[in-house]
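All residue numbers for the sequence shown refer to the numbering used here, where the first residue is -13 and numbers rise by one.
Backbone N, C-alpha and C fix where the C-beta goes; we use that ideal spot for every residue, glycine too.
Please read all numbers here as calculations on a predicted model, not as lab measurements.
Okay, structure first, notes after.
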Amino acid sequence: MKYKTIIEPFRIKTVEPIRQTTEAERAVALHAAHYNVFLLHANDVLIDLLTDSGTGAMSVYQWAGMMRGDETYAGARSFYAFESAVRDITGFRHVIPTHQGRAAEHILTGALLKPGDIVPNNRHFDTTRANVEHRRATALDLPVAEGLDPQALHPFKGNMDLEALERVLRENPGRVPLVMITVTNNSGGGQPVSLENVRGAAAIARRHGVPFFIDACRFAENAWFVRTREDGYADREPIAIAREMFALADGCTMSAKKDGMANIGGFLAMNDDAVAARCRNTLILTEGFPTYGGLAGYDLEAIAVGLYEALDPDYLRYRIRMVEYMAEKMAAAGIPTVRPAGGHALYLDAKRWLPHIPPSEYPGWALSLVLYLEGGIRAVEIGSVMFGQRPDGTEKPADLELVRLAFPRRVYTQSHMDYVCEVLAHVNTLASRIRGVRIVEQPPALRHFTAKFAPLVPGVIA
Ligand SMILES: *Cc1c(COP(=O)(O)O)cnc(C)c1O
């Protein structure tokens, strides 16, 4: 290309004002939220990077599709538009809409798992893990070694350890009813999986006669990484890469809140007639009739359009570049992050950035509070608050203390990102003064959503 600047490949037709607050106002809001950013009112947040799930902006074509939405109970036109888009991209025969990705996981695990089973995955996303464990089966993560080292510069840190997969299947005959692979690997830092690795995992699963499913939430971002990093794909369209990947699998689960570019929705898709019939029976019980599955007709239309928009090369170039741009700015400012940058988020490495705060004082959590206080930015800790609570109530520090800045799709512009970088550079000057936090009150599980915290030094965060 002739010019180097990568632009936002859209212009803005509708705007949503965001509100500046003073540091004093944010201090009051943070106190009222018990030093937990999940408990803040969104109205008090300037740049919300809590998640990229369901927070994207829809295009004019998606909104037009919503107006076309057919709300017929059975056999709605919108369902057939949705089914045809999902089939066109994934090639799977059976397309089952669900209200979110986790509902697809719930139905699939219910159809395939029994107590004592094992499900290997490169890395389970937390809802996938919870659904596997709900069936009293074991969710087994098999990441490659590079995926465990935040500094290792490997192009496909999301890959699965195929030797380990082979071993697990060989040593547990009859106990592995499902192999999954998550693209991109969300819990592993949004890191991509190579097509070679998907092909290898699929071949091993097939040899052992085990169904192979893709957790496809970020399939389009993954396709872009394959195109730019894997030999032989530089000239392939993202949609062709996606089709090649899906052709290797027996089915997929999907959250349309990610690369479906929609605010809600998901699906389960597969080729097996008998399993699909079982899944549809559960769907009727828990989600709705098979042609709407917990969604409005207009949601189905938004997803049908969004799946193609997620695969647009101009969009993907801008999307992936934005995260990379942030990571480069962090590196230049001497701020430690997980490298290389992932597809949907920047991960700050709080353990290396704030070495004076031990895991027992939750450095990532403290950092998330400082980002809000200093810049009105909301991010999420992925560390010892999120993962350090054992079922028996004891504490076990997480391997990594990260803070994730996830980027909503098509929502923030370059100046928003430059602002975030400026705030982070300022926080860097305060780093040695940032203090830890303690937990005042917590629920027995998934504590990060609702726990109450206090600064260790009363009133002092930084
Ligand atoms: C978000 C997500 C899910 C769950 O989808 P929901 O729509 O939030 O239920 C599953 N797997 C991965 C990798 C995800 O990122």
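- With a cutoff of 8 angstroms on beta-carbon distance, Met247 and Glu287 are scored as not near each other.
- By the CB criterion at 8 angstroms, Ile200 and Leu297 fall outside the cutoff.
- By the 16-neighbour rule on beta-carbons within 10 angstroms, Asp300 is exposed.
- Arg73 has its alpha-carbon roughly 10 angstroms from the corresponding atom of Ala290.
- Sorted by chain position, residues whose beta-carbon lies closer than 6 angstroms to a non-hydrogen atom of ligand 1 are Ser39, Gln86, Gly87, Arg88, Phe111, Thr113, Thr114, Thr168, Asn172, Asp201, Cys203, Ser241, Lys243, Lys244, Gly252.
- The C-beta of Leu332 has 16 or more other C-beta atoms within 10 Å across all chains shown, which makes the residue buried.
- Runs of the alpha helix (DSSP H) lying entirely within the region 47 to 89 and spanning at least 4 residues, in chain order: 63 to 76.
- Residue pairing of Arg424 in beta bridges, as defined by DSSP: Ala440.
- Unbroken alpha helix (DSSP H) stretches of 4 residues or longer found wholly inside the region 385 to 421: 400 to 416, given in chain order.
- The three-state reading of DSSP puts Val261 in helix, counting H, G and I together.
- A direct Cα-to-Cα measurement between Pro349 and Asn145 gives close to 28 angstroms.
- Every beta strand (DSSP E) stretch that sits fully inside the region 214 to 250 and reaches 3 residues is listed by chain position as 237 to 241.
- If you draw a straight line from the Cα of Asp245 to the Cα of Cys203, it comes to about 6 angstroms.
- Shown here for Ala71: same chain residues with a beta carbon closer than 6 angstroms to its own, the five before and five after excluded, namely Ala290, Leu293 in chain order.
- Ala431 and Ile(-8) have their C-alpha atoms spaced approximately 43 angstroms apart.
- Shortest Cα-Cα distance from Phe232 to any of Thr323, Val169, Ile321, Pro129 involves Val169.
- Under the DSSP assignment, Thr124 falls in the beta strand (DSSP E) whose first and last residues are 124 to 127.
- By a beta-carbon distance limit of 8 angstroms, Gly55 contacts Tyr284. Their separation comes to about 3 angstroms.
- For Ile93, the CB contacts under 8 angstroms within the same chain, skipping 5 residues up- and downstream, are Ile82, Thr84, Leu254, Cys265, Thr268, Leu269, Thr272, Glu273 in chain order.
- If you ignore the 5 residues before and after Arg229, its C-beta comes within less than 7 angstroms of the C-beta of Ile75, Gly77, all in its own chain and listed in chain order.
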